[in-house]
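Down below is the structure, laid out as C-alpha cells.
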Amino acid sequence: MKPDASGAHVEDENVASNLNLAQRQLQTDWRSIYVTSLLAFCVAAQFSLYFSSLWPFLQLLDPTISENFFGYVVGAYSFGQIIASPLVGFLSNKLGKIRLPLYANLSCMFIGNAIYFNLENFSTGRRYWLLLGRLITGFGSSSISLLKAYTTTASVNQDRSRALAFVTGGVALGMTMGPTFQLLFIPLDYPGVTFFNFIKLNMYTAPAYMACCMNMFCALITKRFFVENYAGIATNEDGEKVRLPPYDKKAIVVCHMTRFAQILVNSNMETLGSPLVMAMFAWSRHDAVEYIAAAQGIMSFLAFLTYLAFIVFKPERFMSFRLGCFLSLIGLIVFHLLTISWPFLPGQVQTFHQNLTETEQIGCNSDKFTWCSTLKPVNVAVFFGSYILIVGTAFPNVNICLNTLFSKIIGPRRQGTQQGWLQVSGALARMFGPVVASNLYSTYGPQFAWGFVIAVIGTVLISWFIFYQRMVPLQLDKDEKKALADHPSEEVTKSVQSSSSSS
Numbered sequence: 001m002k003p004d005a006s007g008a009h010v011e012d013e014n015v016a017s018n019l020n021l022a023q024r025q026l027q028t029d030w031r032s033i034y035v036t037s038l039l040a041f042c043v044a045a046q047f048s049l050y051f052s053s054l055w056p057f058l059q060l061l062d063p064t065i066s067e068n069f070f071g072y073v074v075g076a077y078s079f080g081q082i083i084a085s086p087l088v089g090f091l092s093n094k095l096g097k098i099r100l101p102l103y104a105n106l107s108c109m110f111i112g113n114a115i116y117f118n119l120e121n122f123s124t125g126r127r128y129w130l131l132l133g134r135l136i137t138g139f140g141s142s143s144i145s146l147l148k149a150y151t152t153t154a155s156v157n158q159d160r161s162r163a164l165a166f167v168t169g170g171v172a173l174g175m176t177m178g179p180t181f182q183l184l185f186i187p188l189d190y191p192g193v194t195f196f197n198f199i200k201l202n203m204y205t206a207p208a209y210m211a212c213c214m215n216m217f218c219a220l221i222t223k224r225f226f227v228e229n230y231a232g233i234a235t236n237e238d239g240e241k242v243r244l245p246p247y248d249k250k251a252i253v254v255c256h257m258t259r260f261a262q263i264l265v266n267s268n269m270e271t272l273g274s275p276l277v278m279a280m281f282a283w284s285r286h287d288a289v290e291y292i293a294a295a296q297g298i299m300s301f302l303a304f305l306t307y308l309a310f311i312v313f314k315p316e317r318f319m320s321f322r323l324g325c326f327l328s329l330i331g332l333i334v335f336h337l338l339t340i341s342w343p344f345l346p347g348q349v350q351t352f353h354q355n356l357t358e359t360e361q362i363g364c365n366s367d368k369f370t371w372c373s374t375l376k377p378v379n380v381a382v383f384f385g386s387y388i389l390i391v392g393t394a395f396p397n398v399n400i401c402l403n404t405l406f407s408k409i410i411g412p413r414r415q416g417t418q419q420g421w422l423q424v425s426g427a428l429a430r431m432f433g434p435v436v437a438s439n440l441y442s443t444y445g446p447q448f449a450w451g452f453v454i455a456v457i458g459t460v461l462i463s464w465f466i467f468y469q470r471m472v473p474l475q476l477d478k479d480e481k482k483a484l485a486d487h488p489s490e491e492v493t494k495s496v497q498s499s500s501s502s503s
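Numbering-wise (full-length UniProt numbering), the sequence shown opens with residue 1 and increments by one.
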C-alpha cells in the first residue's frame, strides 16, 4: 500500500488500540537492549581491528602480494556474511530465538581470528590461509543482523529509535574504535615477542588475540545475562499475532541501496586507505598504521557524540529519519570530492624504483604503478580533516536513521530474514567494492577508485529524490484497519508474554 504524499500517519483510535494493546501492556526490556548493544560493539570491533594493519602485515607475510589479491582478502569477509546472514535470520525466525545462532556465530569468529594469529606458523600458502580465516570470520559476523532484528522486535514502537540508537551505536562505535585498539599494540612493534616457539605476539597479531578474548567474553555475557523478550511484535488483545499489510518494497529497495553505498565508502577506505596514504604522503607502514588508527579514534568519539544525541536529545522530534539519510549521503559525496587527486592540485608525490633490498622504501612505486607520475597529492589536513569530520558524523547518522526507518517500513513483525538481507546489501558492497576499487587503483590510480564510489552514491541519491515521499513507516488505510480489527489473523502464535517467559 502506498503512503500518502505527506507521509503522515492515518489514525483510527479503535483499531489502533486493538493493534497496540499488547505493546502498551508490555515495556521494552532495556537490560536485554543494553546487553545486545555490548554484543554488537564486540562483534563490529573485530571487523575493524585490522583496518590499518592488515595490508602491512600481509606484505610482510608475502612480499609478492598485490593490491588486487588484498581486495579478495577483504571481500572474503563479506562473502561469508552474504552466505550466512539470510540463513541465520531465517533460522532465528523459525526458532523464535536468536541464542543458538548467536553461539554458532561467535564460534566462527573465534576460529577465524585463531587462523589469523597463527599465520606466521604456516610455512606456505599464508595468503590463502588468511583468505580462509577472513571467510570464516565473515560467517560469524552475520550475528549483527540477528542483534538488529532482535532489537526491532524487543522494543515497543515508541522506544524503537532509542533502542536502535543503542545497538547501531554499538556497531558503529565498534567499527570506528577497532582501529583505535590497534594503537595499544603498536609498542609491541614487529616481530614482537614469541612464547613457546609458536605464540607470536606483535603489533599485527595482538588484535586477533584480543578478538578471541572478545568472543569468549560475548559467549559468557550471552549465557549469563541475555534474556530474550519480544515486546515489539504486533498482537491483538489475545496475544495472537495479527496479519499486517505488505510493506512498501520500493522503499525497502532504496534502503538496501543506501546500505550498499554506506558500506562501500567504509570498505573502500579500509582497502585503499593504507596503500593510498603510504603512496601519496610517503609514509612508512608504521606511520600509516599509527595515523589512520588515530583518525579512527577521533571518529569514534564523534560517533559516540552522535549516538548520545539520539539517545538523550531525540533529534527525530525535529528532523525526520529520511532527511538524516539524505543529508548524510550528500556529506559522503562531499568527502570524496574534497579528497580526490584532482589534476590541478599543486605538487607531486614522492616516487621510488623497486629494488631487492630489505629496507622499506616510501612513496609511490613507479615501477609498479604507471600513474605515479600523474598523481597529485591532496593536502594531508584536508584529507584527514574531511575524513574525520564528514565521514565521522555521516556514517553513524546513516546507521541510526536507516536502521530505524527500515524497521518501521517493515512494521511490527519478526524481521530476522529482512535484517539478514539488509546485512547482505552491506556485505555485497564490502565484497565487490574492494575488488573493483583495488583493480581501479592498481590499473588507473586512486582518482578512478574515488570516481567509482562517487558514481554509486550519486545513483543512490537520485533514488532517494525519486522515492522520498515513500520513505515512511508502514501505514494502514481505514479499510485495512477495519478488516484487521474484525478479522484478526488465524495464524496463532505464542503470546508475547509466553515468548518472554520461555526465554
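All C-beta atoms, glycine included, are put in the ideal place defined by N, C-alpha and C.
It should be emphasised that the depicted structure is a prediction, and the values quoted were computed from it without experimental measurement.
Contact defined as beta carbons within less than 8 angstroms: I believe residue i pairs with residue j. What is the distance between those atoms, to the nearest angstrom?
i      : j      : result
Tyr307 : Gly169 : 3 angstroms
Ile144 : Val265 : 18 angstroms between Cβ atoms; not a contact.
Asn105 : Ser142 : 6 angstroms
Phe166 : Ser37  : 4 angstroms
Met280 : Val349 : 6 angstroms
Tyr444 : Trp371 : 7 angstroms
Thr417 : Phe117 : Between Phe117 and Thr417 the Cβ distance is about 34 angstroms, and since that is not below 8 angstroms, they are no contact.
Leu272 : Pro63  : Contact flag wrong, Cβ pair sits at about 19 angstroms.
Leu338 : Ser267 : Contact doesn't hold; Cβ gap of about 19 angstroms is too wide.
Phe79  : Gly140 : About 13 angstroms; that fails the 8 angstroms criterion.
Pro56  : Ser328 : Not quite, the Cβ-Cβ distance comes to about 31 angstroms (not below 8 angstroms), so this is no contact.
For residue i, which three-state DSSP category applies?
i      : result
Lys249 : helix
Lys376 : coil
Ala229 : Looking at the sequence itself, residue 229 is Asn, so the reference to Ala does not match. If DSSP states are grouped into helix, strand and coil, Asn229 belongs with coil.
Phe318 : coil
Thr28  : coil
Lys482 : For Lys482, the predicted structure reports a pLDDT of 45, less than 50, and the residue's modelled location is therefore unreliable. The matter cannot be settled from this model.
Phe467 : helix
Phe310 : helix
Ala282 : coil
Asp238 : For Asp238, the predicted structure reports a pLDDT of 47, less than 50, and the residue's modelled location is therefore unreliable. A value from the coordinates is still provided. DSSP places Asp238 in coil when its eight states are reduced to three.
Gln475 : coil
Leu329 : helix
Val289 : helix
Asp189 : coil
Lys223 : helix
Tyr77  : helix
Pro446 : helix
Ala22  : Bear in mind that the predicted position of Ala22 carries a pLDDT of just 43, short of 50, making it unreliable; the figure below should be weighed with that in mind. Helix.
Ile298 : helix
Gly125 : coil
Gly140 : helix
Gly133 : helix
Pro346 : coil
Ile33  : helix
Lys97  : coil
Leu183 : helix
Ser53  : coil
At what residues does the beta strand (DSSP E) containing residue i begin and finish?
i      : result
Thr194 : Val193 to Phe195
Ile199 : Ile199 to Leu201
Say whether chain C places a C-beta atom closer than 9 angstroms to the C-beta of residue i.
i      : result
Trp129 : The structure shown contains no chain C; it is built from a single protein chain.
Decide if residue i is buried, meaning its Cβ has at least 16 other Cβ atoms within 10 Å, or exposed.
i           : result
Gln423      : buried
Lys408      : buried
Gln23       : Residue placement at Gln23 is flagged as unreliable, the pLDDT there being 44, under the threshold of 50; the coordinate-derived value follows with that caveat. The residue is buried, with at least 16 neighbouring Cβ atoms inside 10 Å.
Met471      : buried
Met177      : buried
Tyr77       : buried
Cys108      : buried
residue 510 : The first residue shown for the chain is 1 and the last is 503, placing residue 510 beyond what the model contains.
Ser373      : exposed
Pro207      : buried
Leu54       : buried
Asp367      : exposed
Cys364      : buried
Tyr128      : exposed
Sort out for me which residues DSSP pairs residue i with in a bridge.
i      : result
Asn105 : Paired residue(s): none; Asn105 is not in a bridge.
Phe352 : Asn365
Go to residue i, then tell me how far its alpha helix (DSSP H) extends in each direction, as first and last residue.
i      : result
Glu120 : Here Glu120 belongs to no alpha helix (DSSP H), and DSSP marks it neither H nor E.
Thr404 : Gly392 to Ile410
Pro63  : No alpha helix (DSSP H) contains Pro63, which DSSP labels as neither H nor E.
Lys148 : Ser143 to Ala154
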